[in-house]
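Residue numbers (my numbering): -10 to 475.
See structure below.
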Amino acid sequence: MPEASCDIGLIGLAVMGQNLVLNMNDHGFKVAVFNRTVSKVDDFIADEAKGTAVVGAHSVAELAALLKRPRRIMLMVKAGASVDETIATLLPYLEAGDIVIDGGNSLFTDSTRRARDLAGKGILFVGTGVSGGEEGARRGPSIMPGGNPAAWPHVKEIFQSIAAKVDDGTPCCDWVGEDGAGHYVKMVHNGIEYGDMQLICEAYDLLHRGLGLGADELHAVFTDWNKGELDSYLIEISSHIFASKDEDGTPLVDKILDTAGQKGTGKWTVISALDLGQPVTLIGESVFSRCLSALKDERVAASGVLKGPAEKTFSGDRTAFIESVRRALYCSKIISYAQGYMLLRATAKENGWNLNMGGIALMWRGGCIIRSRFLSKIKDAFETDPKLTNLLLDGFFSGVLNQYQEAWRQAVVSAIELGIPTPAFSTALAFYDGYRAGRLPANLLQAQRDYFGAHTYERVDKPRGEFFHTNWTGHGGRVSSTTYNV
Ligand code: 6PG
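Structure, rendered in structure tokens:
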């Protein structure tokens, strides 16, 4: 029988798993590891983990025997069926009070199900988002744990030790909430990541195709942007990408095929937004933009058939154009985060989760892919007013939007004139104009619904909740339809 001396076990030695293990080891935790392809355990112990206190296990039984009680076992396996299969193989070796942690990008409803199923067996489940890629996992990721609250005291020290820290030393990790709340917040993080990436790509397209900037000039512009309001990990890596050369010395970015992949978290965010009736339009456009990019062959064929504007490059003030693109990017980013937070609010209400909005901004402030200077402004906004209905109404954010909205419009107008697609910039602006509109044309829409389907309408001159039906054609019946909304 091996000695039960390890603080935590980890199953799944792919990139994220390996780096989390080494991070935990750096922080003084003794980690036992297991991998389904067992040879990977020995390879890891002999190579990456050489000279560390990490212990290799060759079976799940051995792993369980190596752990102090209550056992803490973290799974870093592919989201979906693999998580359920791994839990099933573990269960015979677990005792009441042991803790199973899923650190993959699992669908939040799966995490809710697992938390409840395992609670019935006396096992505490944690579904946690882990963001920051390989480097984050190794040096300090953002960690978003949720699930069974009784598990938190048992994992808090390990998680907060290995997590990224903000300037004052606060860890980018705190308890998010029950059930699948941790994975929900990670899902929204990823959706926002899709949005940020799409916005950066639209800025790139405008500056590259619209203004004719080459990779070296783009590197300079992005390096400059990263010193100001847009300071963020994704702007920083984009500036590095523009500076990277292929073997022949030409920019590598120009050699990369323009079709984007996706693993599903952005799509899940949009599905959840639709389910909750929240207009998370920018992430929606970002997911669809990846879908459109994937239709490469169709696009190439259409490019020979469908006409665009005669003028394809911008001919005005170049410095002003770059600044208007920067402002459009910043304003659109504000809209995207405001939409993301609308979704978080709606899901908190729906699921009875007490989500700490400022705390979430703090968790995203460091370690994760969307980390940025901007997130401290979001944290400040919720600190000033924890009940803030919408980020756009915070003084800081409304101030930026009021100051930059003209330039943002100019960037979108230029994009339209040049025939360069900017779906995320455009939908953000449309949302902004819609959100600030005291009156939208939905009066006509309700009239249409009532006209063809007797769906009824409310009136501006009557109290809310009173519904009216008009016999528009003179030959409709007097019966109106019910007024339910989904
Ligand atoms: C992170 C990333 C990470 C991963 C996603 C990307 O926070 O570290 O979001 O979770 O890169 O799987 O998702 P797509 O493959 O869908 O772009």
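A virtual CB, placed ideally from N, CA and C, is assigned to each residue, including glycine.
- At a Cβ-Cβ threshold of 9 Å, G166 and G329 do not count as neighbours.
- Residue environment: P160 is assigned as buried (16 or more neighbouring CB atoms within 10 Å of its CB, all protein chains considered).
- Per the DSSP secondary-structure output, I132 pairs in a beta bridge with V119, C162.
- One Cα belongs to A139, the other to K19, and the distance between them is close to 22 Å.
- Not one heavy atom of the ligand 6PG sits closer than 8 Å to the Cβ of I226.
- Pairing D106 with E123, the inter-Cα distance amounts to about 31 Å.
- Across the structure, L351 and Q187 are spaced so that their CA atoms are roughly 23 Å apart.
- In the three-state reduction of the DSSP assignment, Y440 falls in the helix class.
- A distance below 6 Å between beta-carbons, with the five flanking residues on each side excluded, links L9 to the following residues of its chain, in chain order: A126.
- With respect to the C-alpha of K376, the residue from A396, R334, A38 having the closest C-alpha is R334.
- Spanning the alpha carbons of A53 and G86 requires a straight line of approximately 13 Å.
- Between M63 and D237, the alpha-carbon positions lie close to 44 Å from each other.
- In this chain, the alpha helix (DSSP H) harbouring V30 covers 28 to 35.
- Of the heavy atoms belonging to the ligand 6PG, none sits nearer than 8 Å to the Cβ of Q187.
- For I(-3), the shortest separation between its Cβ and any heavy atom of the ligand 6PG does not lie below 8 Å.
- Distance between S48 and A291, taken at the CA atoms: about 55 Å.
- Of the heavy atoms belonging to the ligand 6PG, none sits nearer than 8 Å to the Cβ of G171.
- Taken through DSSP and simplified to helix, strand or coil, G45 comes out as strand.
- Taken through DSSP and simplified to helix, strand or coil, C357 comes out as coil.
- Around the beta-carbon of W461, fewer than 16 other beta-carbon atoms lie within 10 Å, marking it exposed.
- Judged by DSSP in its simplified three-state form, E(-8) adopts coil rather than helix or strand.
- No heavy atom of the ligand 6PG is found nearer than 8 Å to the CB of Q7.
- DSSP assignment within the segment 345 to 405 yields no whole beta strand (DSSP E) run of 3 residues or more.
- Restricting attention to I147, G408, A152, P134, the CA atom closest to the CA of R128 is found in A152.
- For V177 and T254, the gap between their C-alpha atoms comes out near 8 Å.
- Taking all protein chains in view, the Cβ of G158 is surrounded by fewer than 16 other Cβ atoms within 10 Å, so the residue is classified as exposed.
- For A417, the closest C-alpha among the options A327, T378, S233 is that of A327.
- Contact between the segment 379 to 388 and the segment 289 to 305 is absent, with fewer than three C-beta pairs closer than 8 Å.
- Under the 8 Å Cβ criterion, the segment 452 to 470 does not count as touching the segment 354 to 365, having fewer than three qualifying pairs.
- If you look at A335, you'll find it in the alpha helix (DSSP H) that goes 307 to 340.
- Segment contact: the segment 425 to 441 against the segment 315 to 326, fewer than three CB-CB distances shorter than 8 Å; contact not assigned.
- The nearest non-hydrogen atom of the ligand 6PG is less than 8 Å from the C-beta of S120.
- Following the DSSP letters along the chain, one finds I147 inside the alpha helix (DSSP H) bounded by residues 141 to 151.
- No heavy atom of the ligand 6PG is found nearer than 8 Å to the CB of K67.
- In this structure, H197 keeps its C-beta atom at 9 Å or more from the C-beta atom of A232.
- In the same chain as K368, and ignoring 5 residues on each side of it, the C-beta atoms closer than 6 Å to its own belong to G347, A350, L351, in chain order.
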